[in-house]
Amino acid sequence: MEIKNLRQNQFRGFLPSSIGNLTNLRKLFLRHNNLSGSLPLSIGNLTLSFLVLDTNQFTSYVPNICHSGLLEKYTNGNNRFLDFAFYATLTFLDLSHNNFYNELSSNWAKCAKLGSLNFSVNKLTGIILPEIGYSQLQNLDFSLIT
9 MEIKNLRQNQ FRGFLPSSIG NLTNLRKLFL RHNNLSGSLP LSIGNLTLSF
59 LVLDTNQFTS YVPNICHSGL LEKYTNGNNR FLDFAFYATL TFLDLSHNNF
109 YNELSSNWAK CAKLGSLNFS VNKLTGIILP EIGYSQLQNL DFSLIT
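Converting from the sequence shown to our numbering requires adding 8 to each position, the first position being numbered 1.
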């Protein structure tokens, strides 16, 4: 199985650690459920190119979800994450409506392939780092930053 589309199923509870056993999985869509808690560390066992987690209730740190270096699209809007790891292969990243705060890290220089970045509705301060300008960004959304 390469694609698992589980969006809008009203699933509740935690994402089980057994998700890491689906080693052939390349695209995982969990958008619009009621999943909560931390992502299991076993998700790092997957070789995902797409990971869509929008509109759940995930919290805590985002574990290294891309040991394979293949992750291209990652959407994690409208959750409760506090931190994020950086992936050089990302072309699309949506981290809107989370609890990110303070200044952006200089690690964004590692995301040189980004074409779309959405950080809207977070609590960021400081300046937009020059490193972001070196990427291939076509869409950048920092709206409603408080």
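The C-beta atom is built at its ideal place from N, Cα and C for all residues, glycine as well.
As the structure is a prediction and not an experimental result, all values here were calculated from the model.
The Cβ atoms of threonine 67 and histidine 40 lie no closer than 7 Å to each other. DSSP places serine 44 in the uninterrupted beta strand (DSSP E) bounded by 42–45. Around the Cβ of isoleucine 51, a 10 Å sphere holds 16 or more other Cβ atoms; the residue is buried.
A residue is called buried when at least 16 other Cβ atoms come within 10 angstroms of its Cβ; phenylalanine 22 does not meet this threshold and is exposed.
Rounded to whole angstroms, the gap between the alpha carbons of asparagine 84 and aspartate 102 is 6 Å. Of the other Cβ atoms in all chains shown, 16 or more fall within 10 Å of the Cβ of tyrosine 82; this residue is therefore buried. If you compare the alpha carbons of Thr133, Ser151, Leu125 with that of glutamine 144, the shortest gap goes to Leu125.
Between leucine 36 and leucine 49, the C-beta gap is not smaller than 7 Å, which leaves the two residues out of contact.
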